[in-house]
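A short worksheet on the structure shown next.
Protein chains: 2
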Amino acid sequence: MVNDTMFARGAESSVIREIFSYGLERKAQIGADKVFDYSLGNPSVPAPAAVRASIERSLQLPSDQLHGYTPAPGLPEVRTAVAESLNRRFGTSYGMGDVFMTVGAAASVSMTIHALTNPGEEVIVIAPYFPEYAVWIEKAGATCVEVLADQGTFQVDAQAVAAAITPRTAAVIIDSPNNPTGAVYTRETLDALAAVLSAANADRDEPIYLISDEPYREIVYGVEVPWVPSIYENTVVCYSYSKSLSLPGERVGWVLVPNTCPNASRVMPAIAGAARTLGFVCAPALFQRVVADCVDEPSDVAAYARNREVLTQALSSYGYTYVEPDGAFYLWVKALEDDAEAFCERAKRYELLPVPSNSFGVPGWFRLGYCIDYDVIVNSLPAWKQLADDYRRER
Amino acid sequence: MVNDTMFARGAESSVIREIFSYGLERKAQIGADKVFDYSLGNPSVPAPAAVRASIERSLQLPSDQLHGYTPAPGLPEVRTAVAESLNRRFGTSYGMGDVFMTVGAAASVSMTIHALTNPGEEVIVIAPYFPEYAVWIEKAGATCVEVLADQGTFQVDAQAVAAAITPRTAAVIIDSPNNPTGAVYTRETLDALAAVLSAANADRDEPIYLISDEPYREIVYGVEVPWVPSIYENTVVCYSYSKSLSLPGERVGWVLVPNTCPNASRVMPAIAGAARTLGFVCAPALFQRVVADCVDEPSDVAAYARNREVLTQALSSYGYTYVEPDGAFYLWVKALEDDAEAFCERAKRYELLPVPSNSFGVPGWFRLGYCIDYDVIVNSLPAWKQLADDYRRER
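Encoded structure:
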């Protein structure tokens, strides 16, 4: 029989995708330059030139070497390149055995949730949060437990996490630099979270795992992004090259089970088992090689910084309140009425397409993806002003 | 807590992968040309030249168009190209809405099982069968029910399927051309299977689905591979370009929910929901475009036919019994003792690496993947003869 849960997950478009589709239609109606689509996290910054050079170099390889199956955890030289890059940056001693190449961040996180939870257990997420976490947690048979971030700074509220921990808590997922708020968790935040988890572990046979989802690690505006496994040893890191190398459609990333994780010898096989069980065979072979060649390519953060600057200055002058984003390419803005969905519907009148905060598990805000063209942002500013004026007139 | 099932699935290497790893070690010890590794289904035939031309053409596109997220079901022009190719070949009237691009055949089948089964239901597989079916069925919470193929022809035994159907039967998986036997199911076989399923459906609200896993459709030696949805309407087809275009590492394929399937409007969203739920975001973007460009490229069957010829003639003359393979690039051979695992261990003495049938759910046979270099096959023949002589001397 057709599975009702799968049907529901497929039939309910994600709100983000729905807004994106509306934007495409609207652009067809009135012209692409007249619609200001802030819905998606599809980077406008091109992939570095090294990506193309790497692909062209790989095309010289014999076909069966180039396009053949790789080992399930990835090509040894690619896993080694990833480990060594991390070692250079974080003073760690990882080896290829700590790295499992994946079909992008969604695969990384979905596999890790399956590896680290059992049916009936609980996984804590920090609201607002990336909505697919809840879908993957449900599929693993676990329960998604939402804990509100500090509503001023959008840092993790460690005491709120402490209050949510039960004997069934298997893992906590964090995502810094954060989607949707742009917050980057400070060392103090992570120290406090680690203290809470370590205290809880004293009563348990197996520790609570910290799943650190870090696709935006490289997109950061002058602040430190602490290396989480050096703060809490039971951390598994999930990564993707979707944002740092602007390759979201190519689906390549990794899971790191650090050799400093006390249970690494049980966690890594469980990651491999989850990959196999869910139907992932290996990460795309050609783009594994791209990763090896481009592992230390810098992301073009300057382009996002320029977008952030023009957008925040303008919104601020129009009276919008937002969280100062330290990383990622999202701006988290207070809606001008309590009902964020109503606000976003009204924004459509001005051809503005933000995403209401409800899809991230909290009311009253909206998310702007400013990874779009600079000109689109600049051209949208009068519309943002008119929208704010509109609300002001009503008050 | 680390999930025990995931740990077990990761810790138990697949037998096939274990033999492959042994082969790599052994090659390092005694020289690559002295080890005759028949374990994997990694095509030795290169990808058609059109693949490289397509990649080079795509590299001219703007980066965000080329490497950006595609819609979850795939790029519209790619889905259309796939549908139209099928229409030309099978006289069907499919459209892009019937095609969902996937991260290879494993994703196709895993997603389809999740979409079409509920926990507690049963999925029938035809033994010998591709061992990962059982892993994916277990993950969906369903039970894998093994039904023996006809042990002479290795066609589906429709009466045995009829006997195995219960009110909990959700689906039957078939795989023709077959891995591991090389059998191609005839029209008569499929008619008989369709009759059995249709008869069972008379008592049910929702039909039994037929999942037709067809990665080897193009690798066939002069026989017809009937189009299954034209024989049984409740068929979902799973495909991959791993074998036909020799791209197993790149992970690209599709699921077809034909518009002639009465429940297509419920099945397709469930496929999409399964993709989302398991952590697949989209099929790799660059290779989606390769598919559109190469959808009608012929496979180089001649190379496999030559391998098949030299191997079957020699084994036959040494006294081995095998199933005459009509398709795929596997030979299914009777072990020279009852215990196939013992036979395969003994074969190692001659540096021969077959896969014992136990991993495919039946005793007494072994599988040879003859998608390897012709010279390896020719050089291995004296070893196959010595192995047979060995057994003869003991009798």
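Protein chains in written order, with this note's numbering: chain Y, 1 to 395; chain W, 1001 to 1395.
Every residue, glycine too, gets a C-beta built ideally from N, C-alpha and C.
Counterpart residues of residue i in DSSP-defined beta bridges
i                       : result
residue 210 of chain Y  : Y:172, Y:235
residue 101 of chain Y  : Y:254
residue 368 of chain Y  : Y:331
residue 144 of chain Y  : Y:123
residue 323 of chain Y  : Y:332
residue 1220 of chain W : W:1327
residue 378 of chain Y  : Bridge partners of residue 378 of chain Y: none, in fact.
residue 1037 of chain W : W:1353
residue 240 of chain Y  : Y:253
Residues near residue i by beta carbon distance below 8 Å, same chain, minus five either side
i                       : result
residue 6 of chain Y    : none
residue 1187 of chain W : 1224, 1226, 1231
residue 1045 of chain W : 1246, 1299, 1300, 1303, 1304, 1371
residue 1321 of chain W : 1333, 1334
residue 116 of chain Y  : 170, 171, 209, 211, 236, 267, 270
residue 1253 of chain W : 1101, 1102, 1103, 1104, 1105, 1107, 1108, 1215, 1238, 1239, 1240, 1241, 1242, 1283
residue 1338 of chain W : 1363, 1364
residue 409 of chain Y  : No answer is possible for residue 409 of chain Y: the residues shown for chain Y start at 1 and end at 395.
residue 1195 of chain W : 1158
residue 1137 of chain W : 1113, 1117, 1123, 1125, 1143, 1144
residue 1092 of chain W : 1086, 1227, 1229, 1230, 1258, 1260
residue 397 of chain Y  : Residue 397 of chain Y lies beyond the range of chain Y shown here (1 to 395); nothing can be said about it.
residue 390 of chain Y  : 346
residue 1234 of chain W : 1197, 1201, 1207, 1208, 1209, 1210, 1261, 1262, 1263
residue 1373 of chain W : 1044
Contact test: residue i Cβ vs the ligand MG heavy atom, cutoff 7 Å
i                     : result
residue 71 of chain Y : The model depicted lacks the ligand MG and carries no ligand whatsoever.
7 Å Cβ shell around residue i - same chain, five flanking residues per side excluded
i                       : result
residue 1112 of chain W : 1211, 1236, 1238, 1255, 1271
residue 1350 of chain W : 1383, 1386, 1387
residue 354 of chain Y  : 38, 344, 347, 366, 367, 368
residue 377 of chain Y  : 307, 310, 311, 370
residue 1077 of chain W : 1292
residue 1096 of chain W : 1076, 1079, 1080, 1083
residue 318 of chain Y  : 384, 385, 388
residue 200 of chain Y  : 165, 208
residue 168 of chain Y  : 120, 121, 122
Supposed contact pair residue j and residue i - C-beta distance, whole angstroms, cut 8 Å
i                       : j                       : result
residue 166 of chain Y  : residue 122 of chain Y  : 6 Å
residue 1009 of chain W : residue 277 of chain Y  : 5 Å
residue 1182 of chain W : residue 1323 of chain W : 6 Å
residue 285 of chain Y  : residue 178 of chain Y  : The pair is not a contact, with the Cβ atoms about 32 Å apart (cut-off 8 Å).
residue 1173 of chain W : residue 1135 of chain W : Between residue 1135 of chain W and residue 1173 of chain W the Cβ distance is about 13 Å, and since that is not below 8 Å, they are no contact.
residue 259 of chain Y  : residue 98 of chain Y   : 5 Å
residue 51 of chain Y   : residue 294 of chain Y  : 6 Å
residue 1244 of chain W : residue 1218 of chain W : 4 Å
residue 1033 of chain W : residue 1379 of chain W : 7 Å
residue 180 of chain Y  : residue 128 of chain Y  : 5 Å
residue 1360 of chain W : residue 1131 of chain W : 6 Å
residue 296 of chain Y  : residue 220 of chain Y  : Actually they do not touch by this definition, with Cβ atoms about 16 Å apart.
residue 397 of chain Y  : residue 352 of chain Y  : Missing from the structure shown is residue 397 of chain Y; chain Y here goes from 1 to 395 and no further.
residue 1042 of chain W : residue 1248 of chain W : 6 Å
Own chain residues within Cβ distance below 6 Å of residue i, not counting five before or after
i                       : result
residue 1192 of chain W : 1158
residue 274 of chain Y  : 111, 114, 115
residue 1189 of chain W : 1155, 1156
residue 164 of chain Y  : 124, 145, 147
residue 119 of chain Y  : 141
Item to check | Touch test, the region 1067-1079 of chain W against the region 1050-1058 of chain W, Cβ-Cβ under 8 Å, three pairs minimum | outcome: Contact between the region 1067-1079 of chain W and the region 1050-1058 of chain W is absent, because fewer than three Cβ pairs lie under 8 Å.
Checklist entry - Going along the chain, which residues of the region 1348-1361 of chain W sit with their C-beta nearer than 7 Å to a C-beta in chain Y? => result none
Item to check | Residues in the region 1263-1297 of chain W having any Cβ partner in chain Y nearer than 9 Å | outcome: Those residues of the region 1263-1297 of chain W that come within reach of chain Y (Cβ to Cβ, closer than 9 Å) are 1263, 1266, 1267, 1268, 1269, 1270, 1271, 1272, 1273, 1274, 1275, 1276, 1277, 1278, 1279, 1280, 1281, 1282, 1283, 1284, 1285, 1286, 1287, 1288.
Next on the checklist: For the region 1056-1068 of chain W, list every residue whose C-beta sits within 9 Å of some C-beta in chain Y, in sequence order.
Outcome noted: 1056, 1059, 1062, 1063, 1064, 1066, 1067, 1068
Checklist entry - When Cβ atoms are compared, which residues of the region 1372-1390 of chain W fall closer than 9 Å to chain Y? => result none
Next on the checklist: Along the region 1090-1104 of chain W, where does the CB come closer than 8 Å to a CB of chain Y? Name the residues.
Outcome noted: Cβ contacts with chain Y: 1103, 1104.
Item to check | the region 1279-1294 of chain W contacting the region 22-37 of chain Y, beta-carbon criterion three pairs below 8 Å | outcome: no
Checklist entry - Name the residues in the region 1246-1257 of chain W whose C-beta lies less than 9 Å from a C-beta of chain Y; which are they? => result 1246, 1247, 1248, 1249, 1250, 1251, 1252
Checklist entry - Name the residues in the region 1320-1341 of chain W whose C-beta lies less than 8 Å from a C-beta of chain Y; which are they? => result Taking 8 Å as the Cβ-Cβ cut-off against chain Y, none of the residues of the region 1320-1341 of chain W qualify.
Next on the checklist: To be precise: take each residue of the region 113-132 of chain Y, compare its Cβ to all Cβ atoms of chain W, and keep it if any distance is under 8 Å. Which residues remain?
Outcome noted: 114, 115, 116, 117, 118, 121, 132
Checklist entry - Taking any Cβ of chain W, which residues in the region 133-144 of chain Y have a Cβ under 7 Å from it, in chain order? => result Cβ proximity to chain W below 7 Å picks out 135, 136, 139 from the region 133-144 of chain Y.
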